[in-house]
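**Student:** So in UniProt numbering, spot 308 of the sequence shown is number 308, and the numbers just go up one at a time.
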Amino acid sequence: MITAVSTSRAEVIKWMEDFVNEKMSEFLKTVEDSWQPADLLPDATLDNFFDELKDLRERARDLSYDLLAVLVGDTITEEALPTYESWLMTIDGLPQDPNGPWMRWNRAWTAEENRHGDALNRYLYLSGRINMREMEASTQYLIADGFDLQTDNDPYRAFVYTSFQETATNISHRRVAQIAKKQGDNMLAKLCGHVAADEARHAKAYKAFVGKIFEADPSEMMLAFEDMMRKKIVMPAHYMRELGVDLGKTFGHFTDAAQRINVYTSSDYTDILDGLIKEWRIEALTGLNEAGERARDYVVALPARLKRVADRMKVPSLEYKFRWID
Ligand SMILES: [Fe+2]
Ligand SMILES: [Fe+2]
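1) Alpha carbon to alpha carbon, what distance is there between E26 and G244?
2) Run through the DSSP bridge pairs and tell me what I76 is partnered with.
3) Could you give the first and the last residue of the continuous alpha helix (DSSP H) run that contains V210?
4) With respect to the alpha helix (DSSP H) encompassing R238, which residues constitute its N-terminal and C-terminal limits?
5) Going along the chain, which residues put their C-beta within less than 7 Å of some heavy atom in ligand 1?
6) In or out: G117 buried (at least 16 other Cβ within 10 Å) or exposed?
7) With a threshold of 7 Å, establish whether the CB of E85 neighbours any heavy atom of ligand 2.
8) With distance defined between alpha-carbon atoms, name the residue in A80, L285, F214, G100 nearest to T110.
9) With a cut-off of 8 Å on the beta carbons, I'd call A130 and V195 a contact; round off their distance for me.
10) Ligand 2 heavy atoms versus the CB of H253: any closer than 7 Å?
11) Measuring only from the beta carbon, is E242 closer than 7 Å to any heavy atom that is part of ligand 4?
12) Between S6 and the rest of its own chain, which residues show a CB-CB distance below 6 Å, the 5 nearest in sequence each way excluded?
13) Run the CB neighbour count on N170, radius 10 Å, all protein chains shown included, and call it buried at 16 or more, exposed below.
14) Does the distance from the C-beta atom of P236 to that of F147 stay below 8 Å?
15) According to DSSP, is I130 helix, strand or coil?
16) Would you mind working out which of M221, W87, D154 sits nearest E293, comparing C-alpha positions?
17) For L126, which option in L40, A304, A258 has the closest C-alpha, if you only look at C-alpha atoms?
18) Is the beta carbon of H173 within less than 7 Å of some heavy atom of ligand 2?
19) Grab the span of the alpha helix (DSSP H) containing D152 for me, first residue to last.
20) Can you tell me where the alpha helix (DSSP H) holding D51 begins and where it ends?
21) Measure the alpha-carbon distance for D51 versus I325 and round it to whole angstroms.
22) Using the C-alpha atoms, what's the distance from M103 back to S8?
23) Near D93, what residues of its chain come up, given a Cβ to Cβ distance below 7 Å and the 5 sequence neighbours on each side ignored?
24) Is there a Cβ of chain D sitting closer than 8 Å to that of L81, yes or no?
25) Once you ignore the five residues that flank A291 on each side, which residues in its own chain have a CB closer than 8 Å to its CB?
26) Thinking just about the alpha-carbon of each residue, which of F49, N48, E58, H238 is nearest to the one in N186?
27) Can you tell me the Cβ-Cβ gap for H253 and Y320, rounded? I've got them flagged as a contact below 8 Å.
28) Classify I261 as helix, strand or coil using the three-state DSSP reduction.
29) With respect to the alpha helix (DSSP H) encompassing W15, which residues constitute its N-terminal and C-terminal limits?
30) How big is the Cα-Cα spacing for P316 and L306?
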């Protein structure tokens, strides 16, 4: 371990290279071992394609409006992957050696993620229930608009963010899978289940990165965790918008739909935070300086506070007409 006194973030990140290497083989899959969207959707080279397509469309006909809206929002979020990859590349202190573990991690993580948008997009296209042009315009907007995750290019804050966010996407894709199954679409359920399983592995990896940083630089890591939680974790697609609709409107309606069908709620937010506090054994952390102790106190008390707020929140009932769905 390197001592906390002399550590700079860049030193810690450099020191983690072997660890990242190890986690890469533990938590990412090789191309050979990966599922591909084609494994989960009708094969257009086969004669039975039209029959399978017809079945797919029949199943999709029974999917609820809110579920479709959430699926489109999730797809747009996944399709904005170029933003996330370039964001990771700009984090301060990440060694830029293309053959080093950090850059290999970024590419391999991106390569896995890229399948998610492909699979969801193709399903939605085949389903016949989506105005694809409107959805594609939203994706183009989101990539062009970019985002501000409030991580200030700081690796510590960035990995708090990804730990949180990959867990959130695991929950939401898993819930969409469950609902799709209930509504009779097993193909969609399986597809979302596969995406959710990827997100779970990614979440584990990022949580392990933060756990490792806590070993080397506990006070600074604690302060970064506190700072992210004070600012609140924003979703990567918070600038999501539709053609001809004012910025800021669409995303709110998307999260309302997700709340309504219990795909992702404010109590999930609190549960994720609770899980991170346990995962990183925040309450038992030693070696914190005074500021670190104060940050710890804030974070440990936060779930109870958030729970009280969440209990008072009403599930939004307004149904909004998205341009994505005809
Ligand atoms: Fe994803
Ligand atoms: Fe992800």
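Even glycine gets a Cβ: it sits at the ideal position worked out from N, Cα and C.
**Tutor:** Reading from the atomic positions:
1) Distance from the CA atom of G244 to the CA atom of E26, rounded to whole angstroms, is 45 Å.
2) Paired residues: none, contrary to the question.
3) 186–216 is the span of the alpha helix (DSSP H), which, as asked, contains V210.
4) Here residue 238 is His; the residue named in the question, Arg, does not match the sequence. Per DSSP, H238 belongs to no alpha helix (DSSP H) and is neither H nor E.
5) Any heavy atom of ligand 1 within less than 7 Å of a residue's beta carbon puts that residue on the list, which reads E78, E113, H116, T169, V195, D198, E199.
6) Only buried fits G117, as 16 or more other CB atoms lie within 10 angstroms of its CB.
7) Not so, every heavy atom of ligand 2 lies at least 7 Å from the Cβ.
8) With respect to the C-alpha of T110, the residue from A80, L285, F214, G100 having the closest C-alpha is A80.
9) Contrary to the premise, residue 130 reads as Ile rather than Ala in this sequence. So it is not a contact: roughly 17 Å between Cβ atoms.
10) The answer is no for H253.
11) Absent from the structure shown: ligand 4. Ligands present: ligand 1 and ligand 2.
12) Per-residue confidence for S6 stands at a pLDDT of 48, beneath the threshold of 50, marking its modelled position as unreliable; the derived number appears in the next sentence. Answer for S6: no residue qualifies.
13) With 16 or more other Cβ atoms from the protein chains shown falling within 10 Å of its own Cβ, N170 counts as buried.
14) Closer than 8 Å, so yes.
15) It is a strand residue.
16) Among M221, W87, D154, the Cα nearest to that of E293 is on M221.
17) The shortest Cα separation from L126 among L40, A304, A258 belongs to L40.
18) Because no heavy atom of ligand 2 lies under 7 Å away, the Cβ of H173 does not count as near it: no.
19) It is not in any alpha helix (DSSP H) - D152 carries neither H nor E in the DSSP assignment.
20) Counted as a single uninterrupted DSSP element, the alpha helix (DSSP H) harbouring D51 occupies residues 49–61.
21) Spanning the two alpha carbons is a distance of roughly 24 Å.
22) Between S8 and M103, the alpha-carbon positions lie close to 20 Å from each other.
23) Looking at the sequence provided, one finds Gly at residue 93 rather than Asp. Short of 7 Å from the beta carbon of G93, and not among the five residues preceding or following it, lie these beta carbons of its own chain, in chain order: R9, A10, I13, P155.
24) Absent from the structure: chain D. Only one protein chain is present.
25) Result list for A291: S219, L223, in chain order.
26) Of F49, N48, E58, H238, the residue nearest in Cα terms is E58.
27) Yes, they are in contact, since the Cβ atoms of H253 and Y320 sit about 4 Å apart, within 8 Å.
28) Of the three classes helix, strand and coil, the one that applies to I261 here is coil, per DSSP.
29) Taken as a continuous stretch (DSSP letters only), the alpha helix (DSSP H) holding W15 covers 9–15.
30) Looking at the two C-alpha atoms, the distance is approximately 18 Å.
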